[in-house]
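*Asks:* Residue numbers (my numbering): 1 to 102. No residue lacks a Cβ here, since even glycine has one placed at the ideal position from N, Cα and C. Small disclaimer: the values here were computed from a predicted structure and weren't measured.
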């Protein structure tokens, strides 16, 4: 199993990689918030290197979305894994995620 890892690309961008599962997402929650706190107006998360996902991955994105909104940051997601979309759909979260996807 690959751990979830978050890498800063710039002040406004980060890349998430590895598996987003119940036992891996906890390690990246706070680092994500720290990176967002350093961003000025927007923060983009690239998920191109994400492998396995569960509902915990969706919960992670929701947590970061709430944090971004509290800081009035424009939060965008690039390369959302296609295998994450059914979880979003069955959770009825498409209206929330659609505006975030670039």
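When the Cα atoms are used, what is the spatial distance from residue 43 to residue 91?
*Replies:* Each residue's Cα considered, the two are about 24 angstroms apart.
*Asks:* Between which two residues does the alpha helix (DSSP H) holding residue 63 run?
*Replies:* 55-70 is the extent of the alpha helix (DSSP H) around residue 63.
*Asks:* Which one of 51, 65, 23 and 13 has the shortest CA to CA distance from residue 96?
*Replies:* Of the listed residues, the one whose Cα sits closest to residue 96 is 65.
*Asks:* Under a Cβ-count criterion, where at least 16 other Cβ atoms within 10 Å of its own Cβ denotes burial, should residue 68 be classed as buried or exposed?
*Replies:* Result: buried.
*Asks:* So is residue 35 buried or exposed if we call it buried at 16+ other beta carbons inside 10 Å?
*Replies:* Burial call: buried.
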